[in-house]
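Chains as they are written, first to last, in the numbering used here: chain A, 1 to 217; chain B, 1001 to 1217. Don't be surprised by glycine CBs; every beta carbon is placed ideally from N, CA and C. Please read all numbers here as calculations on a predicted model, not as lab measurements. One structure is given below, encoded as structure tokens.
Here is the structure:
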């Protein structure tokens, strides 16, 4: 039953979810919040929706780059070159980003007669991003249920998977990861050195996928 | 301690809250989501922030009038002339509007080192708007707590007050209700007949305030 809207960034995780749950998905919603890497991500999001015949909206939230504090919104030079485990990756947090995207997606989904909002948060994000943890997803699920006539639901089936496990799902589904974006720097090619590039490489390796990404170096 | 951001519409309730909790408020945030009555409301929101020396942001969410289903976003003629108790006022619901405003205000407040988000939902809204009820506010409070490093909080002290009781607070504080907006129709003057105009009149009467509003008829 096509009763879900998915939050689709154009990264590995949400693109995998789009393919895995395609029969349930009526609408994909992307957000342009002024991140360095927005153009690259969004063009891949659109590519996969076109390929699957799924309606796709891009919601402009450019005010976030003006009023929110995050190195992700400050230009590529501000992105630290380090693994996700290191403290300085904290600077890439955009406060309550998943709460904002889930809330807007909830209103749009309810307006379109849908029942569920899907999001591809995963286990590898838990340490760094509070709004990727199961405790947040549960609380937000309760909020969309209580706050709508439609008794909306959040469906986040990757919450306790690693990025490598998600890539294994993608391998099985034949997802073309060359057409996904991870790098936070925002150049034409993946930098290959920032935390998200390192994480991408490791996940593809873990899933036994020959990395199809064209890196800068 | 000035550690709160308030969601300020420019209507009676949030303007009263602005005056009542002024010592706690560092920042007021208004949203322009393309409602019929946006220009009137927002100019009053700005007026009171200027009067009190409180920083004021207006966040553009014009995409809501494109993608959300609500008579509030469809032009003044779509607004029913009826009391809040009647079923057709349901058409004015904007799905999950308070969830969206609270989420964005949470991210901005956290980015500015604040701890609380204030919202002026009240008891009279409960029947019609699911996202004004205590059960929603509690769930959303949990979500902003779980979803941020700052362990943000929602403060909604009018949740169980009637609009008349809020107006009594305003009377005590000397709030000038001529400089607040209620009408959902979006003309230059309050129409005097829509559900929100009826509710405004009743609240001022209940509080023993001579209604300073210039109505169309």
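- Sequence-ordered contacts of the region 105-123 of chain A with chain B read 106, 107, 108, 110 and 111 [C-beta pairs closer than 7 Å].
- Secondary structure note for residue 1056 of chain B: its beta strand (DSSP E) is the uninterrupted segment 1055-1060.
- Distance between residue 1133 of chain B and residue 1165 of chain B, taken at the CA atoms: about 17 Å.
- According to the DSSP secondary-structure assignment, residue 153 of chain A is paired through a beta bridge with A:116.
- Excluding five sequence positions before and after residue 116 of chain A, the CB atoms of its chain that fall closer than 8 Å to its own CB belong to 3, 4, 5, 24, 109, 152, 153, 154 and 155, given in chain order.
- Annotation: Cβ neighbours of residue 135 of chain A in chain B (cutoff 8 Å, chain order): 1146.
- Residues of chain A whose Cβ lies closer than 7 Å to the Cβ of residue 1018 of chain B do not exist; the shortest such Cβ separation is about 19 Å.
- Following the DSSP letters along the chain, one finds residue 1173 of chain B in no beta strand (DSSP E) but inside the alpha helix (DSSP H) bounded by residues 1163-1173.
- Below 8 Å, enough C-beta pairs join the region 1057-1070 of chain B and the region 57-67 of chain A to call them touching: three or more.
- The beta-carbon of residue 58 of chain A is placed no less than 7 Å from the nearest beta-carbon of chain B.
- In the three-state scheme derived from DSSP, where H, G and I count as helix and E and B as strand, residue 67 of chain A is classed as helix.
- Between residue 1183 of chain B and residue 1008 of chain B, the alpha-carbon positions lie close to 16 Å from each other.
- Going by DSSP, residue 1031 of chain B is part of the beta strand (DSSP E) stretching over 1025-1032.
- Secondary structure at residue 1215 of chain B: strand, using DSSP grouped into helix, strand and coil.
- Secondary-structure assignment with DSSP links residue 7 of chain A through a beta bridge to A:29.
- No residue range can be given for residue 1 of chain A, since it is assigned to no alpha helix (DSSP H) and is classified by DSSP as neither H nor E.
- In the structure shown, the three-state DSSP call for residue 37 of chain A is coil.
- Of all alpha-carbon atoms in A:200, A:213 and A:96, the one lying nearest the alpha-carbon of residue 188 of chain A is that of A:213.
- Not flagged as an interface residue toward chain A: residue 1089 of chain B, since no C-beta distance is shorter than 7 Å.
- For residue 1139 of chain B, the neighbours in chain A by C-beta distance under 7 Å run, in chain order, 139, 142, 143 and 146.
- In this structure, the alpha-carbon of residue 1038 of chain B lies about 16 Å from that of residue 1098 of chain B.
- Between residue 48 of chain A and residue 93 of chain A, the CB-CB gap reaches or exceeds 7 Å.
- Cβ contact annotation for residue 1193 of chain B (same chain, cutoff 6 Å, sequence separation greater than five): 1081, in chain order.
- Cβ neighbours of residue 1130 of chain B within its own chain (closer than 7 Å, five residues either side excluded): 1136.
- Among the residues facing chain B, residue 130 of chain A is included, as its CB has a counterpart in that chain under 7 Å away.
- The bridge partners DSSP lists for residue 1190 of chain B are B:1215.
- Here DSSP, grouped into helix, strand and coil, assigns residue 106 of chain A to helix.
- Membership of residue 1018 of chain B in the alpha helix (DSSP H) is indicated by the continuous run 1012-1020.
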